[in-house]
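A.B. asks: My numbering puts the first residue of the sequence shown at 1117, with every later residue one more than the last.
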Amino acid sequence: MVHKAGCEPFPIAVRGRDRWALCQLIDAGERGCTPIDNPAPRWSAYVHDLRKMGLPIETIHERHTGAYPGTHGRYILKATVRPIGEAKP
């Protein structure tokens, strides 16, 4: 069940890698997830799919250095998500 500010709670069904990404976002809390800290082949695609389901996910662009300097996204879930049947927040 998704509890998003200003909206009635609503259910979603998430499977596969999208479910994995959602679990990573839930566990990360306010610090969020990056492809550097939570390696996965298609973070941007998982986030896109979750947003299409109505989940508010913020993207912060961060610079990184090293052999391949550039930027990466930090994704932060901006809603409380709980399995249906679990206590409300």
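Using N, Cα and C, we set each Cβ at its ideal position, and we do this for glycine too.
Everything numeric in this text was worked out from a predicted model, so none of it was measured.
#1: Alpha carbon to alpha carbon, how far is A1195 from P1185?
#2: Report the rounded CA-to-CA distance for G1122 versus A1183, giving the unit in angstroms.
#3: For A1137, does the count of other Cβ atoms within 10 angstroms reach 16, so buried, or fall short, so exposed?
#4: Sorted by chain position, which residues of the same chain lie with C-beta nearer than 6 Å to A1156's C-beta, five sequence neighbours on each side aside?
#5: Starting from Y1162, trace the alpha helix (DSSP H) both ways and give me its first and last residue.
C.D. replies: Put simply:
#1: Locating residue 1195 in the sequence shown gives position 79, counting from the first residue. Locating residue 1185 in the sequence shown gives position 69, counting from the first residue. If you take the alpha carbons of A1195 and P1185, they lie about 31 Å apart.
#2: The sequence position of residue 1122 within the sequence shown is 6, counting from 1. The sequence position of residue 1183 within the sequence shown is 67, counting from 1. The alpha-carbon atoms of G1122 and A1183 are separated by roughly 44 Å.
#3: Looking up residue 1137 in the sequence shown gives position 21. Around the beta carbon of A1137, 16 or more other beta carbons lie within 10 angstroms, which makes this residue buried.
#4: Counting from one through the sequence shown, the residue named residue 1156 turns up at place 40. Shown here for A1156: not one same chain residue has a beta carbon closer than 6 Å to its own, the five before and five after excluded.
#5: Residue numbering aside, residue 1162 sits at position 46 when the sequence shown is read from its first letter. Its alpha helix (DSSP H) spans residues W1159 to K1168.
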